[in-house]
Each structure stands twice: as structure tokens, then as C-alpha cells.
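Undergrad:
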Amino acid sequence: MIWNEVETIPRAELERLQDKRLIALIQRLHARVPHYRRKLDEANIDPANLKGLADLQRLPFTRKHDLRDHYPFGLFAVGMEEVIRIHASSGTTGKPTVVGYTRADLDVWSEVCARSLALCGAKPGMIFQNAYGYGLFTGGLGMHYGAEKMGLTVIPISGGNTARQVMLIRDFQSQIVACTPSYALTLCDRLLAEGRDGLNLRTLVLGAEPWTQEMRQAIEAKLPVNAVNIYGLSEIMGPGVSCECVQAKDGSHIFEDHFLVEAVDPESGEPVPDGQPGELVFTTLTKQAIPLLRYRTGDRASLCREKCICGRTTTRMSHIIGRTDDMLIIRGVNVFPSQIETVLLGMAALSPHHRIVVTREGNHDSLAVQVEEAVANGPDHEVLASQAKQGLREMLGLNVRVTVLAPESLPRSEGGKLSRVLDQRH
Ligand code: ADP
Ligand code: ZN
2 MIWNEVETIP
12 RAELERLQDK
22 RLIALIQRLH
32 ARVPHYRRKL
42 DEANIDPANL
52 KGLADLQRLP
62 FTRKHDLRDH
72 YPFGLFAVGM
82 EEVIRIHASS
92 GTTGKPTVVG
102 YTRADLDVWS
112 EVCARSLALC
122 GAKPGMIFQN
132 AYGYGLFTGG
142 LGMHYGAEKM
152 GLTVIPISGG
162 NTARQVMLIR
172 DFQSQIVACT
182 PSYALTLCDR
192 LLAEGRDGLN
202 LRTLVLGAEP
212 WTQEMRQAIE
222 AKLPVNAVNI
232 YGLSEIMGPG
242 VSCECVQAKD
252 GSHIFEDHFL
262 VEAVDPESGE
272 PVPDGQPGEL
282 VFTTLTKQAI
292 PLLRYRTGDR
302 ASLCREKCIC
312 GRTTTRMSHI
322 IGRTDDMLII
332 RGVNVFPSQI
342 ETVLLGMAAL
352 SPHHRIVVTR
362 EGNHDSLAVQ
372 VEEAVANGPD
382 HEVLASQAKQ
392 GLREMLGLNV
402 RVTVLAPESL
412 PRSEGGKLSR
422 VLDQRH
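Mapping of the sequence shown onto the working numbering: residues 2 to 427, in sequence order.
See below:
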């Protein structure tokens with residue numbers, strides 16, 4: 002089901018809409034937000050003389066520190082009396098960044114989350130268990146409103162309490178569960194331990210943290226479900242900036258009538274060609290409370306503008322390779338945790354549960370990986386470790402110390418984002 006026909010309009014038509022919205026956005030920001038007025042003036046942008054998309058690359062970037070420098074409400078473009086909701090980032094990397102929503106913003110957000118659910122295969126009347134955290138984190142409430150808008154039966158259970166999650170998945174016959182990929186592993190393992198009969202689960206809507214194609218395969222091998230990627234960040238809106246279609250599961254469709262996307266070289270800020278990884282940059286075309294111009298997400302992915310088999314014409318982004326903040330620099334080599342995940346999950350004898358430990362002795366950084374075997378008393382741990390070590394050397398060009406552990410040795414996600422990296426250098 003395609004929720005909104007705007008998702009299928011010819012690209013030329015979409016671009017005309019973006020032209021118009023971008024011009025209006027720049028004028029609004031110039032008139033209402035002192036920070037942007039200064040930045041636009043410095044860049045010699047004349048709000049009375051704009052073309053639209055053609056102006057994009059002349060526009061200033063916005064970075065996370067701009068939000069922090071104006072903490073909490075300094076970048077808002079409307080009076081507080083129009084702001085009816087506040088959210089903040091989960092603060093994975095430092096002080097939270099605060100965002101606000103007008104009623105119109107909440108309408109758009111529900112709309113893009115409804116579109117996302119439709120992309121995943123949801124239909125009105127289905128039972129939707131929302132295991133994203135409710136609260137300042139955008140995941141829970143964002144999906145909640147989208148699901149209600151679509152007419153799903155929403156179970157607002159929030160994250161955590163795995164025993165209860167699993168009970169309700171069975172007793173309420175939940176068809177769709179939304180949560181982080183790491184928590185999906187926890188849930189699947191628990192469901193499997195109780196036997197897979199009697200379930201009505203079809204779809205997992207997974208996002209809020211990086212995961213790989215290999216992790217998708219590992220999850221889908223456990224249960225007969227479609228594990229579908231949803232992406233978003235609080236600065237731009239929350240979940241529902243983009244989502245995969247269940248037909249192709251090949252890149253997440255970006256809702257470009259609201260979110261204008263670019264992929265740029267993280268060093269130079271220049272655009273990278275489609276198909277090549279770059280840092281994603283978003284401009285909020287319609288947001289009222291806190292519109293952002295060319296926001297540098299730190300998330301790396303590639304873009305594809307070819308029409309999809311699902312009929313949508315929107316640009317798709319690949320799985321996130323990693324966020325800049327998560328990139329480890331080991332002896333001068335850039336390492337994304339997702340690369341390690343890809344190698345480990347490529348080995349059938351290993352489980353998806355792993356942890357990355359970085360240590361420093363003197364000036365020498367070392368990378369160690371701990372990973373659980375897939376089944377207790379499986380193949381020899383030393384042999385597995387040396388195979389994994391070889392795969393990692395080929396992928397990263399680094400020597401990695403690998404330890405294979407018995408099942409259930411490593412921490413599990415208990416509901417939210419799970420960090421698999423233990424950086425002991427600082
Ligand atoms: P925080 O920055 O505190 O984690 P958010 O909750 O806004 O705050 O998280 C947004 C970030 O989560 C994104 O910038 C991205 O790094 C990550 N993220 C969200 N969805 C996905 C996804 N589907 N795949 C990979 N990373 C994701
Ligand atoms: Zn598609």
C-alpha cells in the first residue's frame with residue numbers, strides 16, 4: 002500500500018515542489034531566526050532573489066553544535082505558544098539536543114510515520130506493538146501517532162520488560178513490532194526459546210541504531226518475519242525521515258517532499274556521486290518550530306535515485322554504514338563497527354551477539370572483538386577465532402584479537418539502543 006501518492010510523482014514535479022518549499026524556508030529562517038539571518042548574510046544569500054534547489058550548495062551547513070550553542074530553544078522559528086511538544090536526543094553522544102514541534106509539525110510527523118508503516122506492509126486494523134521508548138526520545142511517540150493515524154491497533158508498551166513484551170506478542174497476536182535491531186534480537190531469542198508456534202508476527206520495524214544486511218538475515222532466520230529498516234533523527238523530525246519498502250528492502254525511501262537530502266564528503270562538504278557513501282545532510286522543507294538548513298547528520302550512507310520496484314520515485318538511502326561519532330580510529334585506520342558486524346555475521350558458527358573493545362598501551366591502540374558462538378559446544382573456539390581474525394584483517398587491514406565465548410556471555414539490549422563498543426582509551 003502506498004500511503005500518499007506524492008511518493009510516486011515524477012521527479013521533475015517533486016523538484017518543483019522542493020524549489021518552492023526551499024525558498025519559503027530560507028525566507029522564514031532569515032526573517033525569524035537570528036542565527037540563520039547572520040549565516041545567510043555571511044554567505045551573501047539574498048532571500049528576495051532565490052531560485053530553489055539551484056541555491057542549495059551556497060547555503061550554510063548546520064551542525065549539532067549549533068543546536069547546543071543555542072540550547073535549549075534558541076533556534077526555534079516560532080513563539081513558544083505555538084510549540085506543543087518538546088523532544089530531545091537520547092544523548093548517545095553528550096548533552097541532549099532539544100527540538101520542538103508545532104501542531105503542523107506533529108501532523109507531518111504522523112504522516113511520514115504512517116507512510117513508513119505502509120512501506121513496511123502495515124494495513125489499517127493490524128496489531129502494532131510499539132516497543133520504542135516513550136518519553137523525550139522521539140521513537141515511541143513518533144511511531145505511536147503514525148500508527149494511530151493509519152488506524153492500527155496500537156499497544157504502547159514502550160521499550161524493555163522483555164517477559165511482558167513476549168507475553169503480549171503471543172496473547173494479543175501482535176503482527177508488527179517496532180524496536181531497535183539489537184532489541185529485536187533479544188525479543189526473537191526469547192520468543193524462540195518458548196517455541197515459534199502460535200505467533201502472528203509478520204513485520205519488525207527496526208531503527209534508531211546502525212545495523213547491517215547480515216544482521217537482517219540473522220533476525221529473519223530466527224522467525225518468519227520481514228525485518229524492515231526505518232531511519233530518523235530527532236533534529237530532523239524523529240523516526241520517519243525514511244523507511245524501506247518491504248517489496249525491495251533495498252534502501253530506505255526518503256520522504257523528500259518534507260526532507261531534502263544530500264550526501265557530501267565529510268571532509269570537504271562537497272557532494273559525492275550517487276552510489277558512493279557520504280555524510281547525509283538534511284534540510285527540513287516544511288518544519289515550523291525548528292527548521293534546519295543543511296543539517297550535517299554525521300551518518301554515512303549512499304543515495305540511489307532510481308525508481309524502485311514498489312513504484313515510488315523517491316530517493317533511497319543505503320543502510321547507515323556508521324555515524325561519524327562511532328567511527329573508531331585504530332592506528333590511523335578508520336573502522337566502523339558495522340564492518341566488524343558484517344564479518345562476524347558472515348560466519349554461520351558465530352551468533353550475532355558481539356562486543357568491540359578498544360584499548361591503548363602507550364601509543365599503541367588495539368582492537369579486540371568478543372563474539373558468542375551460535376550454539377553451545379559448537380566448533381573449536383580457537384579455530385573460529387582465527388577464521389574471524391582473518392576475515393577482519395581482510396576487511397579492515399588490521400590485526401584484531403578475537404575471543405569466542407559461550408552463548409549468553411555478553412550483554413543484551415534491554416530495550417533501547419545498545420552500544421557494542423567499549424572504548425577504554427579515554
Ligand atoms: P542520538 O543522537 O542521541 O542517538 P536520536 O535518537 O535522534 O539521538 O538518534 C538519531 C541517530 O540514530 C541517527 O542520527 C543515526 O545515527 C541513528 N539511527 C537512527 N535510525 C537508524 C537506522 N535505521 N540505521 C542506522 N542508524 C540509525
Ligand atoms: Zn521501494
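Note that CB positions come from ideal geometry on N, CA and C, so glycine has one too.
1. Just confirm the distance between the C-beta atoms of Leu207 and Leu224, as a whole number of angstroms; I'd bet it's less than 8 Å.
2. So does the region 106-117 actually touch the region 128-147, counting three or more Cβ pairs closer than 8 Å?
3. With DSSP as the reference, label Leu1 as helix, strand or coil.
4. Write down the C-beta distance between Arg295 and Phe62 rounded to the nearest angstrom, noting that I regard them as a contact closer than 8 Å.
5. Using 8 Å as the Cβ pair cut-off and three pairs as the minimum, do the region 321-330 and the region 384-394 touch?
6. With which residues is Leu205 paired in a DSSP beta bridge?
7. Are Pro278 and Gly140 closer than 8 Å when you measure CB to CB?
8. Ordered along the chain, which non-local residues of its own chain (more than five positions away) have a Cβ less than 6 Å from that of Ile87?
9. With respect to 7 Å, is the separation between the Cβ of Glu210 and the closest non-hydrogen atom of ligand 1 below this value?
10. Give the secondary structure of Thr360 by DSSP, where H, G and I count as helix, E and B as strand, and everything else as coil.
11. Any residue with its C-beta under 6 Å from a non-hydrogen atom of ligand 2 counts. Can you list them all in chain order?
12. Does DSSP classify Cys246 as helix, strand or coil?
13. Looking at Cys309 and Ala249, is the spacing between their C-beta atoms short of 8 Å?
14. What number of angstroms, rounded off, separates the C-alpha of His427 from the C-alpha of His259?
15. Using only the alpha-carbon positions, how far apart do Thr404 and Leu60 sit?
16. Give the C-beta separation of Glu374 and Ser352 to the nearest angstrom, bearing in mind that I take them to be a contact with Cβ-Cβ under 8 Å.
17. Within 10 angstroms of the Cβ of Ala179, are there 16 or more other Cβ atoms? Answer buried if so, exposed if not.
18. For a quick check, are the C-beta atoms of Glu245 and Lys418 less than 8 Å apart?
19. Could you check the C-alpha separation between Ala25 and Leu18 for me, to the nearest Å?
20. Any heavy atom of ligand 1 closer than 7 Å to the CB of Asp108?
21. Classify Leu411 as helix, strand or coil using the three-state DSSP reduction.
22. With respect to the alpha helix (DSSP H) encompassing Thr139, which residues constitute its N-terminal and C-terminal limits?
23. Flag Leu234 as yes when its Cβ comes closer than 7 Å to any non-hydrogen atom of ligand 1, and as no otherwise.
TA: Taking the definition as stated:
1. The pair is not a contact, with the Cβ atoms about 13 Å apart (cut-off 8 Å).
2. Taking 8 Å as the limit for Cβ pairs, the verdict is that the region 128-147 does touch the region 106-117.
3. Absent from the model: residue 1. The displayed extent of the chain is 2 to 427, so no value can be given.
4. 5 Å
5. no
6. Val178, Ala228
7. no
8. Gly101
9. yes
10. strand
11. Cys246, Gln248, Ala249, His254, Cys309, Cys311, Arg313
12. coil
13. yes
14. Computed Cα separation, rounded: 40 Å.
15. Going by C-alpha positions, Thr404 is about 48 Å away from Leu60.
16. At roughly 6 Å, the Cβ-Cβ gap stays under 8 Å, so Glu374 and Ser352 are in contact.
17. Label assigned to Ala179: buried.
18. At a Cβ-Cβ threshold of 8 Å, Glu245 and Lys418 do not count as neighbours.
19. 11 Å
20. no
21. coil
22. It spans 139-151 - the alpha helix (DSSP H) in which Thr139 sits, taken as one unbroken run.
23. yes
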